[in-house]
Structure formats: structure tokens, C-alpha cells
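Visitor: Quick note on numbering: the sequence shown equals residues 191 to 528 in my numbering. One structure follows; several queries about it will come next.
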Amino acid sequence: MFGFRYLKTAPTQYVIHFQGGRKHRSGPGLAFFYFRPSSEIAVVPVSSADAPFIFNETTADFQPVSVQGQLTYRISDPEGVAQVLNYTILGAPDEYRSEDPDKLAQRLINRAHSFIRAEIQAMPLRAAIRGSQEVAVKALAALRSGDPQEGLGVEVLALAIHAIQPVPEMARALEAEAREATLRSADEAIYDRRNSAVEQERRIKENELNTEIAVEEKKRQIRETKAGADLAVETREQQVRESKLAGQIRLEAERRRLVAAKAENTRSEADAQAYAAAAALRPFSELDPHVMEMLAVQNLDPRRMVSLALKQIAENAGKIGNLNISPDLFETLMKDPS
191 MFGFRYLKTA
201 PTQYVIHFQG
211 GRKHRSGPGL
221 AFFYFRPSSE
231 IAVVPVSSAD
241 APFIFNETTA
251 DFQPVSVQGQ
261 LTYRISDPEG
271 VAQVLNYTIL
281 GAPDEYRSED
291 PDKLAQRLIN
301 RAHSFIRAEI
311 QAMPLRAAIR
321 GSQEVAVKAL
331 AALRSGDPQE
341 GLGVEVLALA
351 IHAIQPVPEM
361 ARALEAEARE
371 ATLRSADEAI
381 YDRRNSAVEQ
391 ERRIKENELN
401 TEIAVEEKKR
411 QIRETKAGAD
421 LAVETREQQV
431 RESKLAGQIR
441 LEAERRRLVA
451 AKAENTRSEA
461 DAQAYAAAAA
471 LRPFSELDPH
481 VMEMLAVQNL
491 DPRRMVSLAL
501 KQIAENAGKI
511 GNLNISPDLF
521 ETLMKDPS
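If you want it as C-alpha cells, here you go:
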């Protein structure tokens, strides 16, 4: 009433109260009465705000793309912003007199657009589609460097690019190419898997053959070792047999020498006995045979003497004319004297 009004603002609103053309008070979240006819009040929001954007650009290979993202900012110098843009309110804290508050976001988007355009125009289509994060980082760094947003007193908090999309025809072409590449990769993976299976089978066969070769080699070594052992045993047995045979030969030689020695001894003994007998009989050999016969019959049986007499008669048969011998004589000679 009477031109006095009451204003209450939130802590995220910076209030600048001009009265009579001079700044009367300023600060965030103020609440006060003021005289409407002589007062001008600017309310600058200092909370963070999001500004979504979407625009079309062309890549380095002349392919159109659409860029969609969001810019997050905060007014860091509300009094400086109030000097550049008109944040004067009509009555309520969010009822502005002009459209300048809405232009701040568009100015920031335009500035970001220039940096994003420079990055995209330097990239081919595929790199641009995959490099949204890289473009956002470089554009944000460019926004934060140099003059702080052309003296607006605004701090850029974040810049996010949600998507960089080609036109539908190019997207379908890229999808088809990627699909074909994926199918080729799948075919190559199947081929590699089959080739790997064949290679593994070949290795298994080689290992089996190597194992068989090693087993046969071991068997051959065993046979050679066994043959060597048998040969050594046979050689040893042959040496033993040769030793036995040599021993037998030496024994037989000893026996032969022994037999020869025995024969020599026997011959020497026989010679000695013959010499002794000859020496003993030599006196008798020099005697007259008739004397020997007379000496022999001295102690003989009468029948032997008769026999000797008959023998002498027979020797001198040519000198005898007739001789009569009775049977009684023969009967007497044939009787047993006992």
C-alpha cells in the first residue's frame, strides 16, 4: 500500500537494489521492504543451470551429423552479469522485465557451438561418432580458457555431448558395414577356431607319434641292452668254457706226461726185471740142455719122468727100430696120483 512492497528471495538468488539511481543494497537471499516508485531491483540467479542444445555440423569428410548435448553453467559474478544483461524484475523474483535472462544460455551455447564445430570439422565421420567425449573435453577446455565468457561473469561447470549422429542413410550404411565386418569377424573366428582345432589335433597326433617313437626307441634300447647283456653273459660263459677246456687240456697234458712217466717207469722196471731175470738165467743158459733136464727131473713126479723119457724116445725115433709100449703104461700115466 502507498507504493511500499515486500520482496523475499531464495539463497540462490542474488538481489541488487537500486534506489534513486544508486545501489542501495545487494546480496543473496535478501528480504526487505522497498518503495516501488523509486526502486529498481535486479535478481540474478546464482545456482547452476543446464542449457541443452542440438545443432547440425559437417565432418572433415563432408558428412552431416547432428550434435546433441548439455551445458552446465553458474553465474559467478552476478553484479557483472547485471551490468551486461537486464535482470530487472517487475514484482515477483522470477518475473523479469526483459528477455535478457534467457539470452545468457543461448550466448553460452553459441560460444560452445563454435568450439564444437572446430573439433568436428577436423575429424572424419567415424572418429566424430566415436569421439563425443574427446570433443566435449576439448570444447570445455576452450570455454574455460581465455576471457571468462566475454566478460559475462559466468563459470562453465560441465559440457556433455550425448550423441553425435549421422543422417539416417549414412547410419544405415555404417550399420551395414559394421554388420558385415562383424559377420566377417565371426567367420574368421569360426575359421580360426576350426584351424585351431585342426592344429591341436595335429599336435596331438604328433605327440602320439613322438610318444610311439620314444616307446619304440626305448624298446630298441632295451633289446640292445638285453642283447648286450646276453652277449656279455655268452662271452663270459665262453670264457668259462675256454678256461675249463684249457684246464682240461692242461690236465690231459699232465695226465699224458704222467702216463708217459708211468710207462717210462714201467718200461724201466720191466727192463730191470728182464735184466735181473736174464742175469739170473744166464748161468743156466750156458749149461747143457741134458744137464738141465736131469736137474729138472730130480724132484719130479715119476709120470713126468716117464713123459720126458717118451719125449727123448720120440726125438730119437729114427734110431729106434721097434718099440712096444703096453696099454697098462698109458693107463698108469693117466691115473690121478692122489
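No residue lacks a Cβ here, since even glycine has one placed at the ideal position from N, Cα and C.
Leaving out the 5 sequence neighbours to the left and right, which residues in its chain are closer than 7 Å to D368 when beta-carbon positions are compared?
Guide: As a working note, residue 368 is residue 178 in the sequence shown. According to the sequence as given, residue 368 is Ala; it is not Asp. So the list is empty, once near-sequence residues are dropped.
Visitor: Strictly by DSSP, which residues pair up with Y196?
Guide: Taking the sequence shown and counting its residues from 1, the one referred to as residue 196 is at position 6. Per DSSP, F223.
Visitor: Please state the DSSP three-state secondary structure of V430.
Guide: Stepping through the sequence shown from its first residue, residue 430 is reached at position 240. Note: V430 maps to helix in three-state DSSP.
Visitor: Using the C-alpha atoms, what's the distance from L294 back to A221?
Guide: Within the sequence shown, the letter at position 31 stands for residue 221. Within the sequence shown, the letter at position 104 stands for residue 294. Distance between the alpha carbons of A221 and L294: 26 Å.
Visitor: Nearest to A239 by CA position, among V430, R426, A443, Q296, is which residue?
Guide: If you number the sequence shown from 1, residue 239 lands on position 49. Nearest C-alpha to A239: Q296.
Visitor: Alpha carbons only, please: which of A312, R440, V344 is nearest the one belonging to A272?
Guide: In the sequence shown, counting from the first residue as 1, residue 272 sits at position 82. Selected option, being the one with the closest Cα: V344.
Visitor: Give me, in chain order, the residues of the same chain whose beta-carbon lies closer than 8 Å to that of N246; leave out the 5 immediate sequence neighbours on both sides.
Guide: By 1-based counting over the sequence shown, the position of residue 246 is 56. Once the five neighbours on either side are set aside, the close Cβ partners of N246 are P254, V255, S256, V257.
Visitor: Between which two residues does the beta strand (DSSP E) holding L347 run?
Guide: On the sequence shown, residue 347 is found 157 positions in, with the first residue counted as 1. 344–356 is the span of the beta strand (DSSP E), which, as asked, contains L347.
Visitor: Which full runs of the alpha helix (DSSP H) of 4+ residues lie inside the region 402–475, going along the chain?
Guide: Listed in chain order, nothing qualifies, since the region 402–475 has no complete alpha helix (DSSP H) run of 4 or more residues.
Visitor: Please return the same chain residues whose Cβ sits closer than 7 Å to the Cβ of G321, not counting the five positions on each side in sequence.
Guide: Against the sequence shown, residue 321 aligns to sequence position 131. Correct list, in chain order: M313.
Visitor: Within this structure, are the beta carbons of P201 and G217 separated by less than 7 Å?
Guide: Translated into the one-based positions of the sequence shown, residue 201 becomes position 11. Translated into the one-based positions of the sequence shown, residue 217 becomes position 27. Not closer than 7 Å, so no.
Visitor: Using a Cβ-Cβ distance under 7 Å, would P201 count as near chain D?
Guide: Judged by its chain identifiers, the structure shown contains no chain D, having just a single protein chain.
Visitor: Bridge partners for Q257 per DSSP, in chain order?
Guide: Start at 1 with the first residue of the sequence shown, and residue 257 comes out as number 67. Rather than Gln, the amino acid found at residue 257 in this sequence is Val. Answer by DSSP bridge pairing, in chain order: F245, I354.
Visitor: Any idea if F223 is buried or exposed, counting beta-carbon neighbours within 10 angstroms, 16 or more meaning buried?
Guide: As a position in the sequence shown, residue 223 is number 33, starting the count at 1. Exposed, because fewer than 16 other Cβ atoms sit within 10 Å of the Cβ of F223.
Visitor: DSSP state of D180, grouped into three classes?
Guide: As shown, the chain starts at 191 and ends at 528. That puts residue 180 outside it, with no answer to give.
Visitor: Under 8 Å by Cβ, that's how I've got V234 and I265 pegged, so tell me the actual separation to the nearest angstrom.
Guide: In the sequence shown, counting from the first residue as 1, residue 234 sits at position 44. In the sequence shown, counting from the first residue as 1, residue 265 sits at position 75. V234 to I265, Cβ: 6 Å. Contact.
Visitor: I believe P356 touches L364 by the beta-carbon criterion, under 8 Å. Please report the beta-carbon distance rounded to the nearest angstrom.
Guide: Numbered from 1 along the sequence shown, position 166 holds the residue referred to as residue 356. Numbered from 1 along the sequence shown, position 174 holds the residue referred to as residue 364. Indeed, because the Cβ distance is near 7 Å, the residues count as touching under 8 Å.
Visitor: Could you give the DSSP three-state label for I279: helix, strand or coil?
Guide: By one-based count along the sequence shown, residue 279 stands at place 89. Residue state, collapsed to three classes: strand.
Visitor: Please report the Cβ distance between A329 and A350, rounded to the nearest whole angstrom; I am assuming they are in contact, meaning their Cβ atoms lie under 8 Å.
Guide: For this step, residue 329 is matched to residue 139 along the sequence shown. For this step, residue 350 is matched to residue 160 along the sequence shown. Between A350 and A329 the Cβ distance is about 10 Å, and since that is not below 8 Å, they are no contact.
Visitor: How would you write the range of the alpha helix (DSSP H) that I515 sits in, first residue to last?
Guide: In the sequence shown, residue 515 corresponds to position 325, counting from 1. That residue, I515, is in no alpha helix (DSSP H); it is neither H nor E in DSSP.
Visitor: Take F225 and list the residues in its own chain whose beta-carbon comes closer than 7 Å to its own, dropping the five residues that flank it on each side.
Guide: In the sequence shown, residue 225 corresponds to position 35, counting from 1. Only G193, F194 meet the Cβ criterion.
Visitor: Cα separation between E442 and A462?
Guide: As a working note, residue 442 is residue 252 in the sequence shown. As a working note, residue 462 is residue 272 in the sequence shown. Near 29 Å, if we compare the C-alpha coordinates of A462 and E442.
Visitor: Can you tell which of R457, P268, A366, R445 has the C-alpha that lies nearest to the C-alpha of I206?
Guide: Along the sequence shown, read from residue 1 onward, the residue named residue 206 stands at position 16. Taking only the C-alpha atoms, the option nearest I206 is P268.
Visitor: For E230 and G281, what's the separation of their Cα atoms in angstroms?
Guide: Position 40 of the sequence shown, counting from 1, holds the residue named residue 230. Position 91 of the sequence shown, counting from 1, holds the residue named residue 281. For E230 and G281, the distance between alpha carbons rounds to 10 Å.
Visitor: Nearest to V325 by CA position, among R334, F305, Y263, is which residue?
Guide: In the sequence shown, counting from the first residue as 1, residue 325 sits at position 135. Taking only the C-alpha atoms, the option nearest V325 is F305.
Visitor: Thinking just about the alpha-carbon of each residue, which of A318, K198, S386 is nearest to the one in A361?
Guide: Sequence index remark: in the sequence shown, residue 361 carries index 171 (1-based). Checking every option, the nearest Cα to that of A361 belongs to A318.
Visitor: Whose C-alpha, out of N300, P283, N276, I299, is nearest the C-alpha of P291?
Guide: Mapped onto the sequence shown, residue 291 falls at position 101. With distances taken between Cα atoms, P291 lies closest to N276.
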